[in-house]
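Written out as structure tokens, the structure reads:
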């Protein structure tokens, strides 16, 4: 079913809408959560929480892009759960590796972390993503948004593991340069 | 900033990027529900994955161990920090390949194993580029693939600037041909995978020292010095501005060679080329060779400015460049570089003159000699 109809259905028949949403996006959201958390039990909880949040938020919200809407909610929930898990024990293997990679470009600048308005950084991130080729953007987003293992990304784009790693390294350096050029010191 | 905070910020990127990710990914498998059976299988899968990781790690370790050495600049002969586009090559007499784009990289290949043994940056751009490459293989084709990915990622190679100069130095002709073939095959294979169209210019220098002094004087690579000599000697040009040619990058030199029909070994069309019919209309072949060289350089420089002023020019799908000679109602001729996606003229070399190319030549010649480009650039949209 088209996303637009699913959203409209939430306003008239929310039970049916939720079922349609689950059918269409459960696997997608499960994949996002699994990449971050690394285990099925937590993922199922995340996906169920996502469905609950969507149920509670539509209406009144009327998201224009349902795929992005559910993906962002799921990713947020998974990152929150990862923090909770980390407070108790280390977990989410792939996300830890991805976090460490990003450590290359971050300076631990607390001032920025406290900034209330992070819009400037988000705009800079959007400009950065816009400046990439489709393949580069796909590789970057899969690694740091979807938290996919590098081997999976390499396989998806038919490139060697070393080439994918090299491309990610370069993209991180390019992002760092661009943010610094925009006066943003992470 | 903590990485967790950064990951949160990344969550708020524009929806279109997430949509793009969703559309190019298949999620056809049903989501797995956890059951006792699946937990048992998961445990076995975990053990198998651990073994697989150990094997993969060992393979990678072996690969890294056999990766070519990236030589630091201090150990490279002649490398001069003050040079932006420095020369030279490690003149130990052994066969090597030099890639010139702007970054100049010397690739040493072991004669027996035909594997890459060393990668040597010959200028600062190359040094920076090689710092970013995680070289994990010494297979020629794979090394070239990694380099090309990096060159493309750093926008040294783009759809509008697609030239690479491959110079084989030292060795005998047979060796040189073999090395050249290895390199060209690697570049073409990688370009095909990346859906790029390269214009590869090749040359063989049995005695690179011949160009050493010229290269040092002009702070260019021996490969580039040899290419300039090849173009000018091929045209029998005697009165020309060498410094201006030396200041041009490989893309521009490749274009100039194309515009004046200098005979060089080129595989693949150079971006911004002009077809023969248009060259006939421009009348470049009937000019004095020095004037033709001047005009070719003017066109190439305009092309470079046009590309710089139009970031969309890097998109091969939406942007194609046309260079045409057009005549207006007053019989005035213009050399027009047009963006067909918008239909707008992006740059115009406009001059009045007669209807035949012979009549137009003096006008071009005169303009080219008297700040022609500077004058007309004031009318350009950049």
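Protein chains in written order, with the working numbering: chain W, -7 to 178; chain L, 33 to 414. Ideal Cβ positions, reconstructed from N, Cα and C, are used throughout, including at glycine. Note that the structure is a prediction, hence the values are computed from the model and not measured.
* Residues of its chain near residue 71/W, where Cβ-Cβ distance is below 7 Å and the 5 sequence neighbours each way are ignored -> By one-based count along the first chain, residue 71/W stands at place 79. Hits under 7 Å: 28.
* To do: Take residue 48/W as the anchor and find which of 176/W, -1/W, 20/W has the nearest alpha-carbon.
  => By 1-based counting over the first chain, the position of residue 48/W is 56. Comparing Cα-Cα distances from residue 48/W to each of 176/W, -1/W, 20/W, the minimum goes to -1/W.
* Measure the C-alpha to C-alpha separation of residue 130/W and residue 88/W and round it to an integer number of angstroms. => The residue given as residue 130/W occupies position 138 in the first chain. The residue given as residue 88/W occupies position 96 in the first chain. Using only the alpha carbons, I get a separation of about 20 Å.
* What is the DSSP secondary structure of residue 263/L, reduced to helix, strand or coil? -> Indexing the second chain from 1 puts residue 263/L at position 231. Residue state, collapsed to three classes: helix.
* Cβ-based burial, residue -3/W [other Cβ within 10 Å; buried from 16] -> Within the first chain, residue -3/W is the residue found at index 5, counting from 1. Exposed: under 16 other Cβ atoms inside 10 Å.
* Indicate the three-state DSSP secondary structure (helix, strand or coil) for residue 195/L in the structure shown. => Counting from one through the second chain, the residue named residue 195/L turns up at place 163. In the structure shown, residue 195/L sits in a strand (DSSP, three-state: E or B).
* **Residue range of the unbroken beta strand (DSSP E) whose run includes residue 235/L** => The residue labelled residue 235/L in the question sits at position 203 within the second chain. Residue 235/L -> beta strand (DSSP E) spans 231 to 237.
* Pick helix, strand or coil for residue 34/L, following the three-state DSSP scheme. => Translated into the one-based positions of the second chain, residue 34/L becomes position 2. In this structure, residue 34/L counts as coil in the three-state DSSP scheme.
* Asked: DSSP three-state call for residue 37/W: helix, strand or coil?
  -> By 1-based counting over the first chain, the position of residue 37/W is 45. Looking at residue 37/W - three-state DSSP - the assignment turns out to be helix.
* **Segment contact flag, the segment 156 to 166 of chain L with the segment 201 to 213 of chain L, C-beta cutoff 8 Å, min 3 pairs** => no
* residue 301/L - partner residues in DSSP beta bridges -> For this step, residue 301/L is matched to residue 269 along the second chain. According to DSSP, residue 301/L bridges with nothing at all.
* Asked: Taking just the CA atoms, how far does residue 63/W sit from residue 4/W?
  -> Start at 1 with the first residue of the first chain, and residue 4/W comes out as number 12. Start at 1 with the first residue of the first chain, and residue 63/W comes out as number 71. Distance between the alpha carbons of residue 4/W and residue 63/W: 23 Å.
* Asked: Between residue 94/W and residue 136/W, is the Cβ-Cβ spacing less than 8 Å?
  -> Position 102 of the first chain, counting from 1, holds the residue named residue 94/W. Position 144 of the first chain, counting from 1, holds the residue named residue 136/W. Cβ distance < 8 Å, so residue 94/W and residue 136/W count as in contact.
* What span of residues does the alpha helix (DSSP H) with residue 179/L cover, start to end? -> Stepping through the second chain from its first residue, residue 179/L is reached at position 147. Looking at the DSSP string, the run of the alpha helix (DSSP H) that includes residue 179/L is 172 to 185.
* Would you mind reading off the limits of the alpha helix (DSSP H) that contains residue 208/L? => Residue 208/L sits at position 176 when you count from the first residue of the second chain. Note, residue 208/L: alpha helix (DSSP H), 205 to 225.
* Asked: Going straight from the alpha carbon of residue 42/L to that of residue 258/L, what length do you get?
  -> Sequence index remark: in the second chain, residue 42/L carries index 10 (1-based). Sequence index remark: in the second chain, residue 258/L carries index 226 (1-based). Cα to Cα, residue 42/L sits roughly 49 Å from residue 258/L.
* Asked: Under a CB-based cut-off of 8 Å, is residue 192/L close to chain W?
  -> Along the second chain, one-based indexing puts residue 192/L at 160. Interface flag for residue 192/L against chain W is unset, since no Cβ pair is found closer than 8 Å.
* To do: Take the Cβ of residue 240/L as the centre, count every other Cβ of all protein chains shown within 10 Å, and call the residue buried at 16 or more, exposed below.
  => For this step, residue 240/L is matched to residue 208 along the second chain. Flag for residue 240/L reads buried.
* Continuous beta strand (DSSP E) stretch holding residue 158/W: start and end -> The residue labelled residue 158/W in the question sits at position 166 within the first chain. Premise fails: residue 158/W lies in the alpha helix (DSSP H), 153 to 173, not in any beta strand (DSSP E).
* Does the Cβ of residue 32/W lie closer than 7 Å to at least one heavy atom of the ligand NAD? -> Annotation note on the ligand NAD: not contained in the displayed structure, which lists no ligands.
* To do: Determine the closest residue to residue 311/L out of 224/L, 34/L, 289/L, 132/L, with distance taken between C-alpha atoms.
  => Counted from its first residue, the second chain places residue 311/L at position 279. That would be 289/L, whose Cα lies nearest to the Cα of residue 311/L.
* Hey, is residue 54/L's beta-carbon within less than 8 Å of any beta-carbon in chain W? -> Here residue 54/L is taken as the residue at index 22 of the second chain, counted from 1. Yes, its Cβ sits closer than 8 Å to a Cβ of chain W.
* To do: For residue 224/L, collect the residues of the same chain with a Cβ closer than 6 Å to its Cβ; drop the 5 residues on either side in sequence, then sort them by chain order.
  => Counted from its first residue, the second chain places residue 224/L at position 192. Taken in chain order, the list of residues that qualify is empty.
* Asked: Is the beta carbon of residue 146/W sitting closer than 8 Å to the one on residue 155/W?
  -> Counted from its first residue, the first chain places residue 146/W at position 154. Counted from its first residue, the first chain places residue 155/W at position 163. Contact: yes.
* Residue from 161/W, 174/W, 120/W whose Cα sits closest to the Cα of residue 45/L -> Here residue 45/L is taken as the residue at index 13 of the second chain, counted from 1. Cα-wise, what sits closest to residue 45/L is 120/W.
* To do: Compare the beta carbon distance of residue 189/L and residue 299/L with 8 Å and say whether it is the shorter of the two.
  => By one-based count along the second chain, residue 189/L stands at place 157. By one-based count along the second chain, residue 299/L stands at place 267. The answer is no: Cβ separation not under 8 Å.
* To do: Determine which residues of the segment 125 to 144 of chain W have a Cβ less than 9 Å from any Cβ of chain L, and write them out in chain order.
  => 125, 126, 127, 128, 129, 130, 133, 134, 136, 137, 138, 139, 143
* Less than 8 Å separating the beta-carbons of residue 287/L and residue 302/L? -> The residue labelled residue 287/L in the question sits at position 255 within the second chain. The residue labelled residue 302/L in the question sits at position 270 within the second chain. Closer than 8 Å, so yes.
* Asked: Is the CB-CB distance between residue 277/L and residue 260/L below 8 Å?
  -> Against the second chain, residue 277/L aligns to sequence position 245. Against the second chain, residue 260/L aligns to sequence position 228. Yes, these two residues count as a Cβ contact at 8 Å.
* **Best match in 145/L, 191/L, 226/L for proximity to residue 178/L [C-alpha to C-alpha]** => Within the second chain, the letter at position 146 stands for residue 178/L. The shortest Cα separation from residue 178/L among 145/L, 191/L, 226/L belongs to 226/L.
* Distance between residue 148/W and residue 56/L (C-alpha atoms, nearest Å) -> Stepping through the second chain from its first residue, residue 56/L is reached at position 24. Stepping through the first chain from its first residue, residue 148/W is reached at position 156. Roughly 10 Å separates the two Cα atoms.
* Can the beta-carbon of residue 135/L be found closer than 8 Å to that of residue 151/L? -> By 1-based counting over the second chain, the position of residue 135/L is 103. By 1-based counting over the second chain, the position of residue 151/L is 119. No.
* Asked: Can the beta-carbon of residue 233/L be found less than 8 Å from the beta-carbon of residue 296/L?
  -> Locating residue 233/L in the second chain gives position 201, counting from the first residue. Locating residue 296/L in the second chain gives position 264, counting from the first residue. Closer than 8 Å, so yes.
* Asked: Three-state secondary structure (DSSP) at residue 332/L?
  -> Taking the first residue of the second chain as position 1, residue 332/L is located at position 300. In the three-state reduction of the DSSP assignment, residue 332/L falls in the helix class, which pools H, G and I.
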